[in-house]
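Residue numbers (the numbering used here): 71 to 350. Working notes for the structure below.
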Amino acid sequence: MKEKSSLKLQSGIMILIFIIMAVITLTPFISIFLASLRPGKELMRQGLGLNFDTSVMSFNNYAYLFSGQTDYFTWYKNSVVITAVQTVLTLFVSAFVSYGFAMYDFKFKNLLFTCVLFIMMIPMEIIMLPLFQLIIRIRLIDTIWGVILPFVAGPLPIFFFRQFLSGIPKDFVDAGRVDGCTEYGIFFRIIMPQMKPAFAAMGIFVGMNSWNNFLWPMIVLNSKHKLTLPIGLNALITPYGNNYDVLLAGAVFSVIPVIILFLLFQKYFIAGMTAGGVKG
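Right, here's the structure in full:
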């Protein structure tokens, strides 16, 4: 009886902790949503917070956002395209590189992988100027490819995929060769199907980073119709600090794709993170 009571007490404490953590996590999002329903003057007067006064709430900010007076849908489309293309390219290139590190033995293999780990420690701000000069020289300034291409071979996805692939027996590769598969056939037909959990986990991570990226697109993109959503929302703010209410309405809708992506691939995300953390 004492053991059952102790287990119930522990379960109750854990549930209480989870509820508290959920409330702390969701409070900022609820606050932003409530603020997006209030007019700008009311928002400037009272600020953000859990204000449930329905007398001042309306969907006017959303109506203005979707009325065509802003380029919100254009910015949204640009972000969707850039995020989708960058995520797919990053996953493919990183998986291909990590496959070489995990399944092949070649000269300077460990040295090259150490260089990959070293690059992970370099802050983005340090390499931003050389990257910008490179983008100018190859004439990709103010294009979506200028935003995408510099980051399609990220060190973190390479490291993560290599750890995941290290847990796959090389017997699969040898069996594929015996059956007459080419090296590319082994990768695409045998290895890639087993990487679904890793693709889901890293895809969410890469996609979120690309979707929320602000600094690099702001440097590369100049034309208003080519801006991504974070930069476009920032452009809504006038020098006098107006339109914060519209900005918050846009921010609420900007979260929707990330939530949908996580809900769709949640199972694979958890499996991929667990496998990538223990294998290797």
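Where a beta carbon is used, it is the ideal one built from N, C-alpha and C, also for glycine. Here the structure is a predicted model, which means the values were calculated and not measured.
| Item | Value |
| --- | --- |
| Cβ pair N180, D315 closer than 8 Å | no |
| F88 to Q80 span [Cα, whole Å] | 12 Å |
| Secondary structure of G346, DSSP reduced to three states | Its pLDDT being 49, under 50, G346 is placed unreliably by the model, and nothing is read from it. |
| Contact check, F161 vs F269, beta carbons under 8 Å | The sequence given here has Leu at residue 161, not Phe. Yes, the pair counts as a contact, with Cβ atoms nearer than the cut-off. |
| Where A133 sits in the DSSP three-state scheme | helix |
| Cβ pair V328, M278 closer than 8 Å | yes |
| Best match in I90, V276 and L297 for proximity to F221 [C-alpha to C-alpha] | V276 |
| Simplified DSSP assignment, three categories, for F257 | helix |
| CB-CB length for L318 against I102, believed under 8 Å | 6 Å |
| Beta-carbon contacts of S164 that lie in its chain and below 6 Å, excluding the five residues immediately before and after | P227, I228 and F231 |
| Nearest to A154 (by Cα), restricted to the options L291, I261 and V217 | V217 |
| Backbone secondary structure at N371 - three-state DSSP | The displayed coordinates of the chain run from 71 to 350. Any statement about residue 371 would go beyond what the structure contains. |
| Extent of the continuous alpha helix (DSSP H) run through I301 | L299 to A305 |
| Assigned exposure category for F234 - 16 Cβ within 10 Å defines buried | buried |
| Distance, P109 Cα to F323 Cα | 17 Å |
| Presumed contact (8 Å Cβ cut-off) between G320 and L303, rounded CB distance | 5 Å |
| Opening and closing residue of the alpha helix (DSSP H) in which F171 lies | Y142 to M173 |
| Among F178, N313 and W286, nearest to K111 - alpha-carbon criterion | N313 |
| Length of the line joining the Cα atoms of L334 and I192 | 33 Å |
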